[in-house]
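The working numbering applies: residue 92 is where the sequence shown begins, and numbers increase by one.
Ideal placement from N, C-alpha and C gives every residue a C-beta, glycine not left out.
Okay, structure first, notes after.
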Amino acid sequence: MKVEKKPMSMTQKIIYALCFIGLIWAFIFLGTRNYKVKELTDSELFSKEYKTISENNLFQVFNSSEALTFLEKGTGILFFGFPENKWSNSIAEMLHEVSLEQNYSISYFNFLEERQSRHDNYIGMIREMDDYLRSDDEGKLNIYAPIIVSVIHGKVIYFDDQFTFVNNHLDPKDYWTAEKKEEFMNRLRHIINELKAVEK
92 MKVEKKPMSM TQKIIYALCF IGLIWAFIFL GTRNYKVKEL TDSELFSKEY
142 KTISENNLFQ VFNSSEALTF LEKGTGILFF GFPENKWSNS IAEMLHEVSL
192 EQNYSISYFN FLEERQSRHD NYIGMIREMD DYLRSDDEGK LNIYAPIIVS
242 VIHGKVIYFD DQFTFVNNHL DPKDYWTAEK KEEFMNRLRH IINELKAVEK
């Protein structure tokens, strides 16, 4: 006995078409999201990148989406760097020391891969800091290491990139005298106190 198929009604066709379009949209949307599964804690991740910093640290490790959101509306300190950069290492050590002393968490973003891919979030970060960033010889803005940015509700109140372009022969160990280190750390203490007053 042959069973005759009933033709689909127009309503069924529309429902199937909408479901199909919805699945395609979900596939595209979810496939382009920047997911980062954190198997380690932030303090462990930071210590893994910066070998001289113990796991007893107060760093929050951001992905590109978190870093952009922080710059847009966050309050606190964000450290841009990467461990292959020798100045990032010396800055990380001082930030670590001050954050423990002040019991204040500092955010960190390793932007090196993002700079190479120029992901949308990276472009957004440039947009948020374009008044402070230096351009290269082609006039293109980029983020260079190390940079310390302090923001209050997304408004930049402090920007330090003094060690992004230094003489290649100048070594951090030679530069950071006790006096210079104390002066730099006092500046960080002042910023943290200003942020703590706002966060109360």
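Between Tyr199 and Gln151 the beta-carbon gap is near 7 Å, inside 8 Å, which marks them as a contact. Here Asn277 is exposed, its C-beta having fewer than 16 other C-beta atoms within 10 Å. A Cβ-Cβ separation of about 20 Å leaves Asp221 out of contact with Leu203 under the 8 Å criterion. By the Cβ neighbour-count rule, Leu261 is exposed, with fewer than 16 other Cβ atoms within 10 Å of its own. Distance from the CA atom of Glu130 to the CA atom of Thr268, rounded to whole angstroms, is 38 Å. Straight-line measurement puts the Cα of Ser190 at about 7 Å from the Cα of Ile197.
DSSP, reduced to helix, strand and coil, places Ser190 within a helical segment of the structure shown.
Residue pairing by DSSP places Asn201 opposite Gly172 in a beta bridge. In chain order, Glu163, Lys164 place their CB closer than 6 Å to the CB of Gly245, counting only its own chain and leaving out the 5 sequence neighbours on each side.
Taking every protein chain shown into account, the CB of Ala108 has fewer than 16 other CB atoms within 10 angstroms, so this residue is exposed.
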